[in-house]
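Structure record follows, encoded as structure tokens.
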Amino acid sequence: MTEKWAQRKLIRDHVSILLHIIITTTVLIYPVVVILKCESAVLSGFVLMFIASITWLKLVSFAHTNYDIRVLSQSIEKGATHGSSIDEENIKGPTINSVVYFMLAPTLCYQPSYPRTAFIRKGWVTRQLLKCVVFTGLMGFIIEQYINPIVQNSKHPLKGNFLDAIERVLKLSVPTLYVWLCMFYSFFHLWLNILAELLRFGDREFYKDWWNAKTVEEYWRMWNMPVHKWIVRHIYFPCIRNGLSKGCAILIAFLVSAVFHELCIAVPCHIFKLWAFSGIMLQIPLLFLTKYLQDKFKNTMVGNMIFWFFFSIVGQPMCVLLYYHDVMNRQAQTNG
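Residue 1 is where the sequence shown starts when you use full-length UniProt numbering, and the numbers rise one by one after that.
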């Protein structure tokens with residue numbers, strides 16, 4: 001509705017921007033309030049925050065892209081010439097169908113039209129759904145049989161004996177890596193492709209070969225393509241266009257990512273100690289370190305080894321232990 005009013009020039013651009021800010025803020029804040037007020041379970045709270053975050057990213061892209069389309073349309077009306085031919089299909093205003101399709105499609109970046117496939121492969125969808133069920137079950141099995149017993153018999157990693165903490169982190173490294181890989185395969189390879197097939201969505205680039213990443217920067221550019229494309233389009237390039245340096249733009253991108261990681265984990269856990277936020281922001285020094293090592297030792301996998309060390313041996317097990325013990329302590333205080 002806001003874009004329809006702006007397109008018909010019933011409201012000014014600054015009014016439409018204000019309305020979009022109110023809408024997107026409400027979409028993000030309301031679930032936080034509900035989760036904190038209702039004392040929801042961790043899993044249901046995570047699902048709600050995950051959906052709210054995706055919706056926020058989509059709405060921001062919708063508002064930003066339509067603003068650019070209006071500016072372009074106005075320049076064309078004034079007789080401005082552009083270096084390349086402009087497809088009329090991509091500068092028309094939003095319709096109900098285009099908005100609904102975008103909100104369902106496996107992409108975070110809005111555009112008036114998308115490449116579409118000719119038909120739906122029903123047999124292929126059925127096979128992928130079966131795989132998704134199997135790998136989701138495998139993920140639950142590993143959590144129940146391996147991860148839960150280890151964390152239940154551990155102490156807080158920042159308290160107690162340092163060697164005991166290292167032992168638990170090392171014990172957790174393999175099962176947490178398997179769970180993460182099952183999650184990645186189930187969501188990015190299976191579920192997003194299933195959704196794309198059902199909607200006949202043509203762009204199936206949801207990830208690249210991030211496991212071969214030689215630097216942390218390569219990993220963040222390849223492991224989650226929908227988010228990467230959103231950040232490049234709606235954070236990185238706008239920062240560059242407004243005169244900020246490349247380093248500053250990257251810092252802002254990591255800051256936004258850290259905030260959303262914190263929201264999606266801390267809010268469902270009811271724990272606000274910035275563990276997730278700090279974990280993401282600490283990637284920045286690693287980014288420069290792995291880049292330096294890659295430049296120094298060319299054509300080697302030193303950066304890849306460092307990435308896998310921090311990714312599977314240090315980062316994820318430590319986060320699991322930190323949040324598990326803080327959640328258990330909070331529940332004990334609440335019940336007590």
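C-beta atoms are modelled at their ideal positions from N, C-alpha and C, and glycine is treated no differently.
DSSP bridge partner residues for R116 (one or two, in chain order) = F201
C-alpha gap between A258 and V267, whole angstroms = 13 Å
Using 8 Å as the threshold, is the region 91–110 in touch with the region 50–61, meaning 3 or more CB pairs across them?
-> yes
Given G202 as reference, the closest of I143, T117, M225 once Cα atoms are compared | T117
Give the DSSP-derived three-state secondary structure of C109 in the structure shown.
-> coil
Length of the line joining the Cα atoms of N245 and F260 | Before going further, note that residue 245 is Ser rather than Asn in the sequence given. Looking at the two C-alpha atoms, the distance is approximately 23 Å.
Taking just the CA atoms, how far does I313 sit from T107?
-> 31 Å
With DSSP run on the structure shown, which of helix, strand or coil describes K246?
-> helix
Thinking C-alpha only, which one of W211, P317, K273, M328 is nearest M301?
-> W211
Let me know the alpha helix (DSSP H) ranges lying completely inside the region 221–267, each 4 residues or longer, listed in chain order.
-> 225–231, 237–241
If you draw a straight line from the C-alpha of L177 to the C-alpha of R204, how long is it?
-> 25 Å
Taking three-plus beta-carbon pairs below 8 Å as touching, is the region 314–327 in contact with the region 248–255?
-> no
Exposure of I166, with buried meaning 16 or more beta-carbon neighbours within 10 Å = exposed
Between the C-alpha atoms of L192 and H64, what's the straight-line distance to the nearest angstrom?
-> 24 Å
Is S16 helix, strand or coil by DSSP?
-> helix
Top-ranked residue by Cα proximity to Y110, from A213, L255, I69 = I69
Three-state class that DSSP yields for Y207 in the structure shown = coil
Close beta carbons around M225, own chain, < 8 Å, minus the five adjacent residues each side | E205, F206, Y207, K208
N66 versus P285: straight-line alpha-carbon distance, rounded = 36 Å
Nearest neighbour of Y185, chosen from G137, Q152, N161, N242 [CA to CA] | G137
Within the same chain, show all residues whose beta-carbon is closer than 7 Å to that of G303, passing over the 5 residues directly before and after it, in chain order.
-> K214, T215, T290, L293, Q294
Could you work out which residue in H270, W223, L287 is closest to residue 344 when comparing CA atoms only?
-> No answer is possible for residue 344: the residues shown for the chain start at 1 and end at 336.
Is I240 near the ligand SAH, judged by its Cβ being under 7 Å from some heavy atom?
-> Looking at this structure, you won't find the ligand SAH or any other ligand, since it has none at all.
Tell me which same chain residues have a C-beta within less than 6 Å of the C-beta of A196, skipping the five on either side of it?
-> P106, R204
Quick one: measure Cβ to Cβ for I147 and V169, integer angstroms, because I've assumed they're closer than 8 Å.
-> At roughly 12 Å, the Cβ-Cβ gap does not stay under 8 Å, so I147 and V169 are not in contact.
For I120, which of I29, R200, L287 has the nearest alpha-carbon?
-> R200
Nearest-angstrom beta carbon gap, F254 and I280 [assumed within contact, 8 Å] = 6 Å
I265: which of Q145, E144, L48 sits nearest, CA to CA?
-> L48
Three-state class that DSSP yields for T215 in the structure shown | coil
With distances taken from CA atoms, which of I76, G243, G315 is nearest S278?
-> G315
C-beta contact flag for P317 and L163 at 8 Å = no
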